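What follows is a single structure, written as structure tokens, with notes after it.
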Amino acid sequence: MIQRIDSRLDDIVTQIESAHQETSRIEQDYGDNTKVNVFEVDDRMETNAAVQQQKQMVARAVENETILKNEQQQLTRLQTSPYFGRIDVAEDGDTDTLYIGTATFMDQNDFLVYDWRAPVASIYYNGTLGPVNYDTPTGQISAELLNKRQFTIQDGKITAMFDTNETVGDEMLQAVLGEQSDTAMQNIVATIQKEQNDIIRDTTSDLLVVQGVAGSGKTSAVLQRVAYLLYHSRSQLDADQMVLFSPNQLFANYISAVLPSLGEKNMRQATLAEFFAKRFSGLHVQTMFERFERDQISLPETTKTIRRFKESHEFLTAIDGYLKANRDTPFFVDIELNGEVFFSANTITRIYQQQPKMHWPPISSWRQRMP
């Protein structure tokens with residue numbers, strides 16, 4: 113597989129050089145061959161037609177060069193890890209072996225690797241061994257999944273391989289997640305779970321709300337969903353038409369590598385403060401620091417006293433004492449709305465007591481680790 117990718121890359125390099133020379137030649141001819149004549153009506157029409165023709169030739173040449181460069185980037189990504197999954201599918205009496213990767217790779221009109229966003233790839237994420245269905249532009253197709261295999265490939269060498277009937281086997285998940293870097297979020301296409309896949313491939317909901325606890329993969333699933341939508345609706349949708357609201361610039365930098373790793377352009381990113389500052393041009397949008405400074409001055413004296421107490425060592429000591437005295441069940445209060453109790457303290461306590469117990473270190477040890 114990698115040898116064929118390398119061979120195709122060599123061809124692409126040659127084609128890019130040729131396309132670049134052709135683009136340069138056309139751009140040079142654009143100025144040499146297009147003479148402006150505005151004295152006669154017929155001459156003006158002929159000049160305009162010649163200009164339009166030259167513009168189209170330049171645009172086609174530039175587009176061809178761009179397509180080749182995009183394919184080169186795509187193949188370069190596949191060089192080190194061409195695929196991460198394989199499915200053996202029986203359909204209409206024929207058995208096919210399909211490889212799933214981060215991008216499509218074709219050689220002499222043969223699909224050697226299918227993009228993870230392709231309709232048939234949904235079998236890899238949602239299917240279990242036996243009868244399966246997958247959607248196509250022409251309708252739903254029925255097939256039989258005979259085998260599902262997962263790979264971990266590094267620098268062109270298979271380092272791990274698992275046969276599984278699950279969406280992603282535990283061995284595969286642990287192997288991939290164990291290599292994740294903390295400096296930037298990675299794409300999760302090799303470890304997408306069924307629930308995440310349902311979120312990613314949903315094209316029927318006008319409004320989709322993703323809810324989950326911290327660390328459940330919400331952000332990752334949403335970013336893969338953006339990549340899927342760009343793939344699914346490429347002719348109608350562009351990354352520049354999307355806006356991602358980030359809590360801060362650090363978060364924006366952390367997720368900035370996900371879409372490029374899948375061959376897609378990053379969408380627009382902004383914090384709410386940046387967005388409103390641009391939308392409400394001429395109006396001053398208060399920053400968090402300005403809000404804090406204003407509160408320091410304008411808050412009532414009682415509120416200032418409470419804030420100072422919450423920032424003190426005595427407050428931590430009080431919390432530590434409370435936890436020691438109420439280690440089993442905290443003290444809950446009724447939650448009210450419009451003067452009526454809609455979530456009672458007894459209900460909250462009962463739900464809390466049904467949860468697995470967690471053992472937290474004493475607050476004194478937290479203080480020791482604090483700068």
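The opening position of the sequence shown corresponds to residue 113 in the numbering used here, with each subsequent residue numbered one higher. Every residue gets a Cβ at the ideal spot worked out from N, C-alpha and C, and that includes glycine. No experiment lies behind these values; they were computed from the predicted model shown.
{"Check": "Please list the terminal residues of the continuous alpha helix (DSSP H) segment that includes residue 427.", "Outcome": "425–437"}
{"Check": "Does residue 120 come out as helix, strand or coil in the three-state DSSP assignment?", "Outcome": "helix"}
{"Check": "Please report the residue range of the alpha helix (DSSP H) in which residue 326 lies.", "Outcome": "Element bounds for residue 326: n/a, residue is neither H nor E."}
{"Check": "Inspect the beta-carbon positions of residue 258 and residue 244 and report whether they are closer than 7 Å.", "Outcome": "no"}
{"Check": "Is the CB-CB distance between residue 311 and residue 322 below 7 Å?", "Outcome": "yes"}
{"Check": "Return no unless some Cβ of chain C is closer than 7 Å to the Cβ of residue 200.", "Outcome": "Of the protein chains in this structure there is only one, and it is not chain C."}
{"Check": "For residue 372, report the span of its alpha helix (DSSP H) as first-last.", "Outcome": "370–373"}
{"Check": "Skipping 5 residues on each side, what residues in its chain have a beta carbon closer than 7 Å to that of residue 349?", "Outcome": "341 and 342"}
{"Check": "Rounded to whole angstroms, what is the Cα-Cα separation between residue 360 and residue 209?", "Outcome": "44 Å"}
{"Check": "Which whole runs of the beta strand (DSSP E) in the segment 184–263 are 3 residues long or more, in chain order?", "Outcome": "197–203, 206–213, 217–219, 222–227 and 242–248"}
{"Check": "Can you tell me where the alpha helix (DSSP H) with residue 307 in it begins and where it stops?", "Outcome": "306–312"}
{"Check": "Report back the beta-carbon spacing between residue 238 and residue 260 to the nearest angstrom; my notes put them in contact at under 8 Å.", "Outcome": "Contact doesn't hold; Cβ gap of about 11 Å is too wide."}
{"Check": "Does DSSP put residue 417 in a helix, in a strand, or in coil?", "Outcome": "helix"}
{"Check": "Taking 8 Å as the threshold, find out whether the segment 223–234 comes into contact with the segment 195–213 through three or more Cβ pairs.", "Outcome": "yes"}
{"Check": "Let me know the secondary structure DSSP gives residue 269 once reduced to three states.", "Outcome": "strand"}
{"Check": "Report the partner residues of residue 403 according to the DSSP bridge assignment.", "Outcome": "According to DSSP, residue 403 bridges with nothing at all."}
{"Check": "Quick check on residue 466: does DSSP put it in helix, strand or coil?", "Outcome": "coil"}
{"Check": "So, residue 457 versus residue 446, is the Cβ gap smaller than 7 Å?", "Outcome": "yes"}
{"Check": "Give the DSSP bridge partners of residue 355, in chain order.", "Outcome": "380"}
{"Check": "Span of the alpha helix (DSSP H) holding residue 362?", "Outcome": "361–367"}
{"Check": "Count the other C-beta atoms from every protein chain shown that fall within 10 angstroms of the C-beta of residue 197, then say buried if there are 16 or more, exposed otherwise.", "Outcome": "buried"}
{"Check": "Quick one: give me the first and last residue of the alpha helix (DSSP H) that residue 342 is part of.", "Outcome": "330–344"}
{"Check": "Classify residue 420 as buried or exposed, calling it buried when 16 or more other Cβ atoms lie within 10 Å of its own Cβ.", "Outcome": "exposed"}
{"Check": "Using DSSP bridges, identify the partner residues of residue 453.", "Outcome": "448"}
{"Check": "Hey, residue 371 and residue 335 are a contact pair by Cβ (cut 8 Å); roughly how many whole angstroms apart?", "Outcome": "7 Å"}
{"Check": "Measuring straight from C-alpha to C-alpha, what distance separates residue 301 and residue 352?", "Outcome": "23 Å"}
{"Check": "Which residue's Cα is closest to the Cα of residue 265: 339, 194 and 417?", "Outcome": "194"}
{"Check": "Using the beta-carbon count (16 or more within 10 Å), is residue 315 buried or exposed?", "Outcome": "exposed"}
{"Check": "Thinking C-beta only, is residue 183 closer than 7 Å to residue 128?", "Outcome": "no"}
{"Check": "Give the secondary structure of residue 443 by DSSP, where H, G and I count as helix, E and B as strand, and everything else as coil.", "Outcome": "coil"}
{"Check": "Kindly indicate which three-state DSSP category residue 392 falls into: helix, strand or coil?", "Outcome": "coil"}
{"Check": "Roughly how many angstroms lie between the CA atoms of residue 436 and residue 305, to the nearest whole one?", "Outcome": "40 Å"}
{"Check": "Taking 8 Å as the limit between beta carbons, can you name the residues of its chain near residue 180, skipping five residues before and five after?", "Outcome": "124, 127, 128 and 131"}
{"Check": "Tell whether a beta-carbon distance below 7 Å holds between residue 463 and residue 444.", "Outcome": "no"}
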